[in-house]
Structure formats: structure tokens, C-alpha cells
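>
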Amino acid sequence: MTHNKRLLWRALAVLFAVTLIAASCGDDGDDVDSTAAPAETAEPAADDADEPDAPATTAADVIEDTQDGDLLDTIISRGRLNCGVSGAAVAFSETQPDGSQTGFDADYCRAVAAAILGDADAVEFTPLTAAERFTAVQTGAVDVLMRNTTWTQGRDTEVGMDFGPTTYYDGQQLMARAGDGFSGSSQVSDIGGAVVCTNAGTTTEQNIADAAAAAGVDITLNTFEDFDIVTTNFIQGACDIVTTDGSALVGRKANQQPDGEEWVIFPPTPISKEPLGPTYGQNESRFADVVNWTVYATILADEKGITSANVDDMAANPPDAEAGRLLGGEGELQSAMGLAPDAFWQVIRQVGNYDEIYSRHLNKVGLTREGSANAGWLDGGLIYAPPAR
Numbered sequence: 169m170t171h172n173k174r175l176l177w178r179a180l181a182v183l184f185a186v187t188l189i190a191a192s193c194g195d196d197g198d199d200v201d202s203t204a205a206p207a208e209t210a211e212p213a214a215d216d217a218d219e220p221d222a223p224a225t226t227a228a229d230v231i232e233d234t235q236d237g238d239l240l241d242t243i244i245s246r247g248r249l250n251c252g253v254s255g256a257a258v259a260f261s262e263t264q265p266d267g268s269q270t271g272f273d274a275d276y277c278r279a280v281a282a283a284i285l286g287d288a289d290a291v292e293f294t295p296l297t298a299a300e301r302f303t304a305v306q307t308g309a310v311d312v313l314m315r316n317t318t319w320t321q322g323r324d325t326e327v328g329m330d331f332g333p334t335t336y337y338d339g340q341q342l343m344a345r346a347g348d349g350f351s352g353s354s355q356v357s358d359i360g361g362a363v364v365c366t367n368a369g370t371t372t373e374q375n376i377a378d379a380a381a382a383a384g385v386d387i388t389l390n391t392f393e394d395f396d397i398v399t400t401n402f403i404q405g406a407c408d409i410v411t412t413d414g415s416a417l418v419g420r421k422a423n424q425q426p427d428g429e430e431w432v433i434f435p436p437t438p439i440s441k442e443p444l445g446p447t448y449g450q451n452e453s454r455f456a457d458v459v460n461w462t463v464y465a466t467i468l469a470d471e472k473g474i475t476s477a478n479v480d481d482m483a484a485n486p487p488d489a490e491a492g493r494l495l496g497g498e499g500e501l502q503s504a505m506g507l508a509p510d511a512f513w514q515v516i517r518q519v520g521n522y523d524e525i526y527s528r529h530l531n532k533v534g535l536t537r538e539g540s541a542n543a544g545w546l547d548g549g550l551i552y553a554p555p556a557r
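The following block contains the structure:
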């Protein structure tokens, strides 16, 4: 995100938060991942006190540029996809020293850019905290979130988000030190008296509170704005246990476990369902169709053995009629979506199929598809796409 654009969307976030608080005064405030989340994006005025003056562009100008008219047409005209990511989610989206993004979620941003614009690099990445993410969509600061965001009823309705296909089936778990008496078979009933830390503005807060209450144990729950801070507190001993999606815990253990310590992840069965995937604003059906079918195209290509290495040959000699349509051949449906006929060929050629994207980033931290919900449906998993016809 450019400096001036960040200033503008921060201002928008504050204005939106005030409006949202006023609109939800009757709420009890317990649903931390819905109406309360956008309000947390407001920052003290002192944060921007030393910033250089922004150009004479108003908040209305930003909204007009991103929200008026059809979003798909706006993105095509702009020549760039604005994609919100975490920037701190190991193997999913990590900000590199040069400002670039790597990871599973980052590659799905690139896949959508390849489908719409024919260029996987035509993406502006915006790292967002859990508290900032929904406001960024609602104000038009980003077009889509690829940011380990769980699909829930409240977010789908009260918060006003729409959700695309699940790209990763996750579940909340806990992580503690083996030296403190925990193991991979530990249960929530074993954490009584512990200081448990997690992200603010997420579903994990309520999940762990509910799980502890159901197990009949008392815990001290401390929350922080991002999981980097959570992990730092855990390493320093301020937290006995951390909790978030299991995939994030695996990544942190792989990258940050100190020498001489053994971190363990438990319980074996997650305490929640956390379906993660693309998230975008409501009532943009053309853009939603493109995002959804970009994901489906990577899944269908995986099923058919179409990879970035052989996609040209597969397009010239498709294994079946569905593959031919998907790659821009006879009967293709991409044109009717407002895309180029070869949109999904570009996705596979430039970014890869589902398994390529998954293996490139997640295998290296120990997250494998075999035997998990993220295996393809033909292999006993839940990854499944509708037919391209």
C-alpha cells in the first residue's frame, strides 16, 4: 500500500468505525469478530502526527475509485488488484525484507490478478491486522481478503462480508511447552490456571473461552493485535499457552521454536471448525464469480493433472471437454464472465494448480494434504470444485 493511500484508508477506518459503533449500540459486544472488530482499527491521532501531508484527495475520492459501479470493471480499468493479506502468517502470507509477499494466500491473490488482468504480478498487497481487515473491505481500501479469515454466520450477515470457496480447512488448537507438562495428547481440561494468549478481534477468543468453560477450568485470557506479539510473549514466558488456527501454530513451531525447547500442539482434534478462504464485500456478483472460479480452476486443474509445466500441452490437447473449456478452448465460459478466454490458462501457467500452490508453501512447514481435510475429494478430503460447464 502506498503511503498516501494508507493515510486515506486509516481516515476512512476511523469514520467507518464511528458509524458502525452508533449502528450497533444495542449489541452486547461479546461477538468480538463481527461488529466490534472494525472499531478497533481507530488509531490515536498522534500516530500520524509526524507523517507528511497527503495530497488534496478526499475519502469520497477513494470510495468512488473502488466502490462505485462494477468492481470487476474498476479493477480492469485500474490495472491492479488490491489484495489484503496478513503479512505475518507463516507459509500463508509473509512480508519479505523487500516488501514483497510470499505464501499460500499471497499466491491466491496472484491467481485472481492473473485471471482478471493476465498478469499475476499486477497485485498491490496490503498487510492487515485482524482488527483492520473487514474495514479495509468495507471502505474499498482492498478488493478482496486472502487473509486466513474464517467463514462464519455473523461475518456472512451482520458484518456484511461474502465468502468464496474454502481454500484451507483448519481448526483451532493450542500450543504449549512440553517442559510445562503438556503433550500432543493434552486436552483443554488440562489448562486450568494457565495464561492463554491469542489475537484480538478473532473467533479464537470466544472459542477458547467457550471450550474452557465447557471443560470446567478457569484460565486467564490475554489478547494482542497480531500473532507476532502473541508469539513474542509466549517465547518470553508471559504466556503459558497460545491458541489460534492449527496451521498457524505449525508454522510458528517450525520457524520460531527456540533451541532446547519443545513446543507441542494439542488437542489432537481441533476445538473448532475454521474454513478459510477469500473474503469480499457483498453485492459484487461479477467479481465474486471471478474470485470463486479462479479458486475452482486451480482445484479442477489439480484433479486433471494440469500443472504449470504442462498447461500448454494440455490446452493444445485437452484430456477432456471440461479441461478444454477451462483452458479457453471450444465452449469456454470465461468470456461470459468478463474475462479473456484464456484467463484460467494464465492462472495455471503463472501460478499453478491447487496442489502446486499448497505444496510450494505449506509442505515445508509440515502441513501435508495426505489424510487431511485438504486432500482432494477423490482422496478422502474436502477440496472439491463444481463442474466447468
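Positions in the sequence shown are counted from 1; adding 168 to them yields the working numbering.
Backbone N, C-alpha and C fix where the C-beta goes; we use that ideal spot for every residue, glycine too.
#1: Since I believe ALA283 is in contact with ASP394 (beta carbons under 8 Å), could you give me their beta-carbon distance rounded to a whole number of angstroms?
#2: Okay, do the stretch 544–556 and the stretch 463–471 touch, 3+ Cβ pairs below 8 Å being the bar?
#3: Using only alpha-carbon positions, find the residue among THR242, TYR337 and THR412 that is nearest to GLY549.
#4: Return the first residue and the last residue of the alpha helix (DSSP H) that ILE403 is part of.
#5: Name the residue from GLY428, SER351 and SER453 whose alpha carbon lies nearest to the alpha carbon of ILE409.
#6: Report all residues from its chain with a CB closer than 7 Å to the CB of SER476; omit the five preceding and five following residues, and keep chain order.
#7: What did DSSP end up calling VAL327 once you bin it into helix, strand or coil?
#8: According to DSSP, what are the bridge partners of TRP545?
#9: Could you tell me whether the Cβ of MET505 comes closer than 8 Å to any Cβ of chain B?
#10: Taking one C-beta from the stretch 323–339 and one from the stretch 295–312 each time, how about it: are there three or more such pairs within less than 8 Å?
#11: Starting from the Cα of ILE403, find the closest Cα among LEU495, LEU501 and VAL364 and give me that residue.
#12: Determine the direct distance from the alpha carbon of GLU300 to that of ALA217, and round the result to whole angstroms.
#13: If I'm right that LEU530 touches ALA259 with Cβ under 8 Å, what's the distance once you round it to whole angstroms?
#14: According to DSSP, what are the bridge partners of GLU262?
#15: Between the alpha carbons of THR318 and ASP413, how many angstroms are there, rounded?
#16: Enumerate, from N- to C-terminal direction, the unbroken alpha helix (DSSP H) stretches of 4 or more residues contained entirely within the stretch 456–531.
#17: Just how far apart, CA to CA, sit ASP484 and ASN478?
#18: Can you say whether GLU442 is buried or exposed, counting buried as having 16 or more other CB atoms within 10 angstroms of its CB?
#19: The beta strand (DSSP E) that contains ALA300, what's its start and end?
#20: Could I get the ranges of all uninterrupted alpha helix (DSSP H) runs contained in the stretch 334–405, with 4 residues as the minimum, in chain order?
#21: Would you call the CB atoms of GLY339 and THR294 closer than 8 Å?
#22: Could you tell me the distance, in whole angstroms, from the CA atom of MET482 to the CA atom of ALA274?
#23: Report the option in LEU249, ALA381, LEU417 and ILE439 whose CA atom is closest to the CA atom of TRP431.
#24: Could you pull the start and end residues of the beta strand (DSSP E) that LEU561 belongs to?
#25: Taking the C-alpha atoms as reference points, what is the distance between ALA422 and VAL533?
#26: What residues match up with ASP413 in a beta bridge as DSSP calls it?
#27: Skipping 5 residues on each side, what residues in its chain have a beta carbon closer than 6 Å to that of ALA288?
#28: Check for me: the alpha helix (DSSP H) holding ILE244 runs from which residue to which?
#29: Does SER453 pass the burial test, meaning 16 or more other C-beta atoms within 10 Å, or should it be called exposed?
#30: Under a three-way DSSP split, which group does ASN316 fall into?
#31: What number of angstroms, rounded off, separates the C-alpha of ASP266 from the C-alpha of SER354?
#32: How would you label SER357, buried or exposed, when you count the other beta carbons within 10 angstroms and need 16 or more for buried?
#33: Is GLY492 closer than 8 Å to GLU498 when the C-beta atoms are compared?
#34: Roughly how many angstroms lie between the CA atoms of GLY473 and LEU494, to the nearest whole one?
#35: Consult DSSP for GLY322 and reduce its assignment to one of helix, strand or coil.
#36: Kindly list the residues whose CB is nearer than 7 Å to the CB of GLY286, restricted to its own chain and excluding five residues on each side of it in sequence; keep chain order.
So, from the data block:
#1: ASP394 to ALA283, Cβ: 30 Å. No contact.
#2: Yes, they touch.
#3: TYR337
#4: 395–403
#5: Nearest of GLY428, SER351 and SER453 to ILE409, Cα basis: SER351.
#6: Once the five neighbours on either side are set aside, the close Cβ partners of SER476 are ILE516, ARG517, GLY520 and GLU524.
#7: coil
#8: Partner(s): none; TRP545 has no beta bridge.
#9: In the structure shown, chain B cannot be found, because there is only a single protein chain.
#10: Output reads yes: the stretch 295–312 touches the stretch 323–339.
#11: VAL364
#12: Any reading at ALA217 is ruled out, since the residue's pLDDT is 33, under 50, leaving its predicted position unreliable.
#13: 5 Å
#14: DSSP lists ALA256 and THR270 as partners of GLU262.
#15: 10 Å
#16: Runs of the alpha helix (DSSP H) inside the stretch 456–531: 479–484, 489–494, 511–518 and 522–529.
#17: The sequence as given places Ala at residue 484; Asp does not occur at that position. Those two C-alpha atoms are separated by around 10 Å.
#18: Looking at its Cβ environment, which holds 16 or more other Cβ atoms inside 10 Å, GLU442 is buried.
#19: Reading off the sequence shown, one finds Glu at residue 300, where the question assumed Ala. Element bounds for GLU300: n/a, residue is neither H nor E.
#20: 371–383 and 395–403
#21: no
#22: 26 Å
#23: LEU417
#24: For residue 561 there is no data in the structure shown, the boundaries of the chain being 169 and 557.
#25: 6 Å
#26: GLN340
#27: ARG278, ALA281, ALA282, GLN518 and VAL519
#28: Residues 239–246.
#29: By the neighbour-count rule (16 or more Cβ atoms within 10 Å), SER453 is not buried but exposed.
#30: coil
#31: 40 Å
#32: So SER357 ends up on the exposed side.
#33: Inclusion of GLU498 and GLY492 in the CB contact set at 8 Å is warranted, their separation being smaller than that value.
#34: A direct Cα-Cα distance of roughly 13 Å separates GLY473 from LEU494.
#35: helix
#36: Cβ neighbours of GLY286 within its own chain (closer than 7 Å, five residues either side excluded): ALA508 and GLN514.
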